[in-house]
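Residue numbers (the working numbering): 3 to 386. Ideal Cβ positions, reconstructed from N, Cα and C, are used throughout, including at glycine. Predicted model only: the values in this text are computed from it and were never measured.
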Amino acid sequence: MRTSNDPDGPNVAVRRDGRTVPLTWPVVILWLVGITAVLAVTGVVLSRETGLAPFLVFLPTLISGRGTVRQTAVASVWSTLVIAGSLIRSPLDTAAANASVLLFAVALNGLSTAQAAQRVRNEGEIIRLRSAAAALQRQILRPFPLTTAELVVYGLYEPLEEDSLVGGDVYEVVATPYGSRVFIADVQGKGLPAISTAFAVLNSFREAALTEPTLTAVVDALENSVLRHNSFAAQAGEAERFVTALVLGIGPETKVQAVNCGHVPPYLLHGEDPGQVPLGEASLPLGLASLYPRPRAAIWFDFPQGTTLLLCTDGVTEARDPSGVFFPLDERAAAWNDVPPSDIAPTVHRELQQHTHGRLADDTALLVLRRRSTEPLPAEDEGP
Numbered sequence: 003m004r005t006s007n008d009p010d011g012p013n014v015a016v017r018r019d020g021r022t023v024p025l026t027w028p029v030v031i032l033w034l035v036g037i038t039a040v041l042a043v044t045g046v047v048l049s050r051e052t053g054l055a056p057f058l059v060f061l062p063t064l065i066s067g068r069g070t071v072r073q074t075a076v077a078s079v080w081s082t083l084v085i086a087g088s089l090i091r092s093p094l095d096t097a098a099a100n101a102s103v104l105l106f107a108v109a110l111n112g113l114s115t116a117q118a119a120q121r122v123r124n125e126g127e128i129i130r131l132r133s134a135a136a137a138l139q140r141q142i143l144r145p146f147p148l149t150t151a152e153l154v155v156y157g158l159y160e161p162l163e164e165d166s167l168v169g170g171d172v173y174e175v176v177a178t179p180y181g182s183r184v185f186i187a188d189v190q191g192k193g194l195p196a197i198s199t200a201f202a203v204l205n206s207f208r209e210a211a212l213t214e215p216t217l218t219a220v221v222d223a224l225e226n227s228v229l230r231h232n233s234f235a236a237q238a239g240e241a242e243r244f245v246t247a248l249v250l251g252i253g254p255e256t257k258v259q260a261v262n263c264g265h266v267p268p269y270l271l272h273g274e275d276p277g278q279v280p281l282g283e284a285s286l287p288l289g290l291a292s293l294y295p296r297p298r299a300a301i302w303f304d305f306p307q308g309t310t311l312l313l314c315t316d317g318v319t320e321a322r323d324p325s326g327v328f329f330p331l332d333e334r335a336a337a338w339n340d341v342p343p344s345d346i347a348p349t350v351h352r353e354l355q356q357h358t359h360g361r362l363a364d365d366t367a368l369l370v371l372r373r374r375s376t377e378p379l380p381a382e383d384e385g386p
């Protein structure tokens, strides 16, 4: 969410989806002069000049829906003065009628100005709440790069503050006695309830990754965490939520484990056969395991030294251009084979912005996992 730093009045919310576009002063002046001129000419032609008053009185109300407080106040003063001048030039039948029209104009224009002030305050409060929620997410999610004995992890996390509410994308990389464990997830829905669920499952992963010997046991702990959180949410009258997640277990061997809970599969880059890693049919998202009779299973795949894995949320795969075409991740991934790992996340984000024309509709989370070399460094030559 952006705001216009209008020196003439409070900031006005700007939504990139076009729902609230602030008025500029040239537009306001054009409305005031243009509509007044049209009504005046119409009144002269119809020999009822005073007839413009009932129409002009609603102009500040229209401006209050999108303009600043000062713009609405200027429109109110303009409307009142024009109506007063019209009544002086061509008064109504009685003085009481003239006074009634003028009082109605003053009252309605005052309400329009008050409405604009309330709208600006509400939008400012929404902006502050979104910014606070996004800042909280950034504080709890560790900054990149992240390193373990097996990995160097670059990435990007971009919460969508322009949307109605921020979402619940989370990630983590933990060095454990069982190797490196990687987690990326996306909570259903948006807003503070989604963020609460995301933090609950994130903390559960951080604990289970260190204590559970198997990757499936880690995922079972995440499932139980979501169920417990949903139970508390139901008691508070909130909707239950599910979480799509991808959990990886990476040791020194080239084979790694993955448990995919309804999430976007990883993409292998910098290898001989770049593309989406075939993990088979994904299991149900976290929180929905009871709907499927069989337990979740880990899938093994190759992740040799010198290769890179790209993990992302559906903010990447479901990004659309103005015509509704999805971001072609499969096609673009092949072109990133020559991009250095540290530059992949900025490259993906830049191409997403280009594809959507700067109108991303969801949070964007990317993890770029680079397998670290385990070969010993060459010994330095000794001097003479």
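Going by the beta-carbon positions, is the gap between residue i and residue j smaller than 8 Å?
{"i": "residue 265", "j": "residue 291", "result": "no"}
{"i": "residue 329", "j": "residue 315", "result": "no"}
{"i": "residue 62", "j": "residue 81", "result": "yes"}
{"i": "residue 261", "j": "residue 279", "result": "no"}
{"i": "residue 78", "j": "residue 114", "result": "yes"}
{"i": "residue 153", "j": "residue 373", "result": "yes"}
{"i": "residue 200", "j": "residue 239", "result": "no"}
{"i": "residue 310", "j": "residue 354", "result": "no"}
{"i": "residue 256", "j": "residue 188", "result": "no"}
{"i": "residue 263", "j": "residue 286", "result": "yes"}
{"i": "residue 322", "j": "residue 349", "result": "no"}
{"i": "residue 228", "j": "residue 191", "result": "no"}
{"i": "residue 367", "j": "residue 156", "result": "no"}
{"i": "residue 85", "j": "residue 107", "result": "yes"}
{"i": "residue 251", "j": "residue 361", "result": "no"}
{"i": "residue 269", "j": "residue 217", "result": "no"}
{"i": "residue 300", "j": "residue 259", "result": "yes"}
If I follow the unbroken alpha helix (DSSP H) through residue i, where does it start and stop?
{"i": "residue 226", "result": "217-237"}
{"i": "residue 76", "result": "71-91"}
{"i": "residue 317", "result": "316-319"}
{"i": "residue 332", "result": "331-337"}
{"i": "residue 202", "result": "194-213"}
{"i": "residue 246", "result": "Premise fails: residue 246 lies in the beta strand (DSSP E), 245-252, not in any alpha helix (DSSP H)."}
Could you tell me if residue i is buried or exposed, where buried requires 16 or more neighbouring beta carbons within 10 angstroms of its beta carbon?
{"i": "residue 234", "result": "exposed"}
{"i": "residue 166", "result": "At residue 166 the pLDDT is 48, less than 50, meaning the model places this residue with poor confidence; the figure from the coordinates comes in the next sentence. Exposed."}
{"i": "residue 186", "result": "buried"}
{"i": "residue 365", "result": "buried"}
{"i": "residue 73", "result": "buried"}
{"i": "residue 369", "result": "buried"}
{"i": "residue 306", "result": "exposed"}
{"i": "residue 347", "result": "buried"}
Starting from residue i and walking both ways along the beta strand (DSSP E), at which residues does that stretch end?
{"i": "residue 183", "result": "181-189"}
{"i": "residue 286", "result": "Where residue 286 is concerned, there is no enclosing beta strand (DSSP E), given that its DSSP letter is neither H nor E."}
{"i": "residue 303", "result": "301-304"}
{"i": "residue 158", "result": "153-160"}
{"i": "residue 307", "result": "From DSSP, residue 307 is part of no beta strand (DSSP E); its letter is neither H nor E."}
{"i": "residue 373", "result": "366-373"}
{"i": "residue 345", "result": "Note, residue 345: premise wrong, no beta strand (DSSP E); alpha helix (DSSP H) at 343-358."}
{"i": "residue 178", "result": "171-178"}
Item to check | At least three beta-carbon pairs within less than 8 Å, the region 62-72 to the region 111-120 | outcome: A contact exists between the region 62-72 and the region 111-120.
Checklist entry - Taking one C-beta from the region 193-210 and one from the region 332-339 each time, how about it: are there three or more such pairs within less than 8 Å? => result Counting Cβ pairs under 8 Å, fewer than three are found: no touch.
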